[in-house]
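A.B. asks:
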Ligand code: LCS
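Numbering (our numbering), first residue to last: 15 to 411.
1. Would you list, in sequence order, the uninterrupted alpha helix (DSSP H) runs of no fewer than 4 residues that lie entirely inside the region 26-86?
2. Considering only residues of the same chain and omitting the five flanking positions on each side of residue 237, which have a CB-CB separation below 7 Å?
3. Please specify which runs of the beta strand (DSSP E), each continuous and at least 3 residues long, are wholly inside the region 135-174, giving them in chain order.
4. With residue 402 and residue 344 assumed to form a contact (beta carbons below 8 Å), what rounded beta-carbon distance in angstroms separates them?
5. Shortest alpha-carbon distance to residue 133 belongs to which of 347, 73, 79, 103?
6. Would residue 250 be called buried (16 or more neighbouring beta carbons within 10 Å of its own) or exposed?
7. Buried or exposed, going by whether 16 or more other CB atoms sit within 10 Å of the CB of residue 73?
8. Using beta-carbon positions only, say whether residue 156 and residue 188 come within less than 8 Å of one another.
9. What would DSSP say about residue 118, mapped onto helix, strand or coil?
10. When you measure from the CB of residue 231 to every non-hydrogen atom of the ligand LCS, does any distance come out below 7 Å?
11. Do residue 390 and residue 285 count as a contact pair if the criterion is CB distance below 8 Å?
12. With a threshold of 8 Å between beta-carbons, can residue 53 be considered close to chain B, or not?
13. Return the Cβ separation of residue 207 and residue 305 in integer angstroms, given the expectation that the two are a contact with Cβ distance under 8 Å.
14. By Cβ distance below 6 Å, which residues in the same chain neighbour residue 388 in space, the five residues on each side in sequence not counted?
15. Just to check my reading of the structure: residue 112 and residue 142 have Cβ atoms closer than 8 Å, yes? What is that Cβ distance to the nearest angstrom?
16. Less than 8 Å between the beta carbons of residue 89 and residue 31, yes or no?
17. From this set, 374, 335, 397, which residue's C-alpha is nearest residue 385's C-alpha?
18. Take the Cβ of residue 42 as the centre, count every other Cβ of all protein chains shown within 10 Å, and call the residue buried at 16 or more, exposed below.
19. Using a Cβ distance threshold of 8 Å, determine whether the region 310-319 contacts the region 354-369, with at least three qualifying pairs required.
20. Are the region 117-131 and the region 146-161 touching by the rule of at least three beta carbon pairs closer than 8 Å?
21. Would the beta-carbon of residue 223 be found less than 7 Å away from any heavy atom of the ligand LCS?
22. So if DSSP puts residue 221 in a beta bridge, which residue, or which two residues, is it bridged to?
23. Do you know how far the Cα of residue 328 is from the Cα of residue 289?
24. Would you check if the region 162-174 and the region 185-203 touch, i.e. whether three or more CB-CB distances between them fall below 8 Å?
25. For residue 124, is the beta carbon positioned less than 7 Å from some heavy atom of the ligand LCS?
26. Is residue 299 helix, strand or coil by DSSP?
27. Just to check, is the beta-carbon of residue 134 closer than 7 Å to a non-hydrogen atom of the ligand LCS?
28. Which value, in whole angstroms, describes the spacing of the CA atoms of residue 274 and residue 38?
29. Considering only their Cβ atoms, is the gap separating residue 303 from residue 309 smaller than 8 Å?
30. Please report the residue range of the beta strand (DSSP E) in which residue 95 lies.
31. In whole angstroms, what separates the C-alpha of residue 239 from that of residue 57?
32. Does at least one heavy atom of the ligand LCS sit under 7 Å from the Cβ of residue 127?
33. Among 268, 191, 180, 114, which has the Cα closest to the Cα of residue 319?
34. Output the boundary residues of the beta strand (DSSP E) element that contains residue 327.
35. Evaluate the contact criterion for the region 20-29 versus the region 58-77: three or more CB pairs, one atom per stretch, below 8 Å.
36. Cutting at 7 Å between CB atoms, please list the residues of its own chain near residue 337, excluding the five before and the five after it.
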């Protein structure tokens, strides 16, 4: 089993990363579907609790199947350690709890998953942690938002759902020059297409629910640490707040990762063809896709991502009404939230994934009411385009 991410290519790491404990030669990590572990005697139990002996006690604290997944994703991201969480939101909230205290300040990308803004605005504010949302694609806005008490810059790049990209290396420098850390939600890209530690980020989070698992059958999340010294403190926070992933979901995500690189390549190829088709379509007002030269940060995307990914946003000339006709009549695609699975999905952020943000904050983040978001799967691009055309042809205005 491979541990180091420096020696092997991403294709190999996806198949082989994730060291695990097994005495029987199983070539996939066994599912330790157990809540607790037997001690050989009372003294051994006491030694385990004191940390004098290495071993398993209780699944909320440690579990071999979960550890196999954590080792895999730490290797894929080139990090030291990772912590499997019950959902992407559990990963983000655990990161905030571990890093922030009352009186501190966070700078956050304005275009992030809706509930991430709610977490910062409505919950962390209760604990006197302040937040400023800015357009992190504009470095002068990031610099202007820094305060003496800024502890963390949190970005999504590309951002959900606008696909705005932020310069990870430049923002890491701004953070470090000001005594802050940079965390990035890398869900949209996955480590197969973007490795933020190589650009100076300090923490990475993912919703495993998306591309890393890839099969729309798990909810999970992960925090990846660049610095292994921080692992015991993070492990304690996760253990005490309790948002751990379970062994079976860990097994499923670990299995999904074996095809991550292939899936990301195919989704990117499909999405590029679909974005090019949409950009020329007479009923489309605009398309935003990191692989189109018309994307405002196209050159940045080429520098920090190995492919443009599977997410597209667009708005139709007929606005929301036309978008509804498309979502209601599209073929092959499914009208559903979430993303990153093998099947292509379409949804309406203002009324769905980003409804909870409220109209004012959506406006600031340029999430227009007519914006439609698409997650491109691994079906045939021709079939996906035919399915889109079926819906678009029904729009008459
Ligand atoms: N980060 C990003 C970028 C996300 O898109 C999501 C979920 C999360 C974190 C939270 O992950 P979860 O707790 O759901 O595992 N995004 C969703 C979306 O765009 N549609 O449905 C869920």
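C-beta: ideal position from N, C-alpha, C; glycine also. None of the values given here were measured: they were computed from a predicted structure.
C.D. replies: Let me spell this out:
1. 56-64
2. The residue you call residue 237 lines up with position 223 of the chain shown. Counting only Cβ-Cβ distances below 7 Å, and skipping sequence neighbours, we find 96, 97, 99, 105, 108, 109, 217, 219, 248.
3. 144-148, 164-170
4. Taking the first residue of the chain shown as position 1, residue 402 is located at position 388. Taking the first residue of the chain shown as position 1, residue 344 is located at position 330. Contact holds; Cβ gap of about 6 Å.
5. Walking along the chain shown from the start, residue 133 turns up at place 119. The residue with the shortest Cα to Cα distance from residue 133 is 103.
6. Counting from 1 along the chain shown, the entry for residue 250 is found at position 236. By the neighbour-count rule (16 or more Cβ atoms within 10 Å), residue 250 is not buried but exposed.
7. Here residue 73 corresponds to residue number 59 of the chain shown, with the count starting at 1. The residue is buried, with at least 16 neighbouring Cβ atoms inside 10 Å.
8. As a working mapping, residue 156 is identified with position 142 in the chain shown. As a working mapping, residue 188 is identified with position 174 in the chain shown. Taking 8 Å as the Cβ cut-off, residue 156 and residue 188 qualify as a contacting pair.
9. Indexing the chain shown from 1 puts residue 118 at position 104. Three-state result, residue 118: coil.
10. Here the question's residue 231 lines up with position 217 in the chain shown. Checking every heavy atom of the ligand LCS against the Cβ of residue 231, none is found closer than 7 Å.
11. Locating residue 285 in the chain shown gives position 271, where the first residue counts as 1. Locating residue 390 in the chain shown gives position 376, where the first residue counts as 1. Yes, the pair counts as a contact, with Cβ atoms nearer than the cut-off.
12. Given the protein chain composition of this structure (a single chain), no chain B is represented.
13. Looking up residue 207 in the chain shown gives position 193. Looking up residue 305 in the chain shown gives position 291. Incorrect: roughly 11 Å between the Cβ atoms, too far for contact.
14. In the chain shown, residue 388 corresponds to position 374, counting from 1. Hits under 6 Å: 326, 360.
15. On the chain shown, residue 112 is found 98 positions in, with the first residue counted as 1. On the chain shown, residue 142 is found 128 positions in, with the first residue counted as 1. Wrong, their Cβ atoms sit about 17 Å apart, outside the cutoff.
16. To locate residue 89, count along the chain shown from 1; it is residue 75. To locate residue 31, count along the chain shown from 1; it is residue 17. Yes. Within cutoff.
17. Locating residue 385 in the chain shown gives position 371, where the first residue counts as 1. Selected option, being the one with the closest Cα: 335.
18. Here residue 42 refers to the residue found at position 28 of the chain shown. So residue 42 counts as exposed.
19. no
20. yes
21. Here residue 223 corresponds to residue number 209 of the chain shown, with the count starting at 1. Yes, since a heavy atom of the ligand LCS falls inside the 7 Å radius drawn around the Cβ of residue 223.
22. Residue 221 sits at position 207 when you count from the first residue of the chain shown. Residue 221 is bridged to 235.
23. Within the chain shown, numbered from 1, the residue matching residue 289 stands at position 275. Within the chain shown, numbered from 1, the residue matching residue 328 stands at position 314. One C-alpha to the other measures close to 9 Å.
24. yes
25. For the purposes of this step, residue 124 is taken as the residue at position 110 of the chain shown. Checking every heavy atom of the ligand LCS against the Cβ of residue 124, none is found closer than 7 Å.
26. The residue labelled residue 299 in the question sits at position 285 within the chain shown. Residue 299 falls in the strand class under three-state DSSP.
27. What you label residue 134 is simply residue 120 of the chain shown in a count that begins at 1. Not so, every heavy atom of the ligand LCS lies at least 7 Å from the Cβ.
28. Mapped onto the chain shown, residue 274 falls at position 260. Mapped onto the chain shown, residue 38 falls at position 24. When rounded, the distance between both Cα atoms is 27 Å.
29. Position 295 of the chain shown, counted from the start, is the residue given in the question as residue 309. Position 289 of the chain shown, counted from the start, is the residue given in the question as residue 303. Yes, these two residues count as a Cβ contact at 8 Å.
30. Along the chain shown, one-based indexing puts residue 95 at 81. That run of the beta strand (DSSP E) goes 95-99.
31. The residue labelled residue 239 in the question sits at position 225 within the chain shown. The residue labelled residue 57 in the question sits at position 43 within the chain shown. Looking at the two C-alpha atoms, the distance is approximately 33 Å.
32. Residue numbering aside, residue 127 sits at position 113 when the chain shown is read from its first letter. Yes; taking the cut-off as 7 Å, the Cβ of residue 127 has a heavy atom of the ligand LCS nearer than that.
33. By one-based count along the chain shown, residue 319 stands at place 305. When each option's Cα is compared against that of residue 319, the closest is 180.
34. By one-based count along the chain shown, residue 327 stands at place 313. From DSSP, the beta strand (DSSP E) with residue 327 extends over 325-330.
35. no
36. Walking along the chain shown from the start, residue 337 turns up at place 323. Hits under 7 Å: 330, 362, 384, 386.
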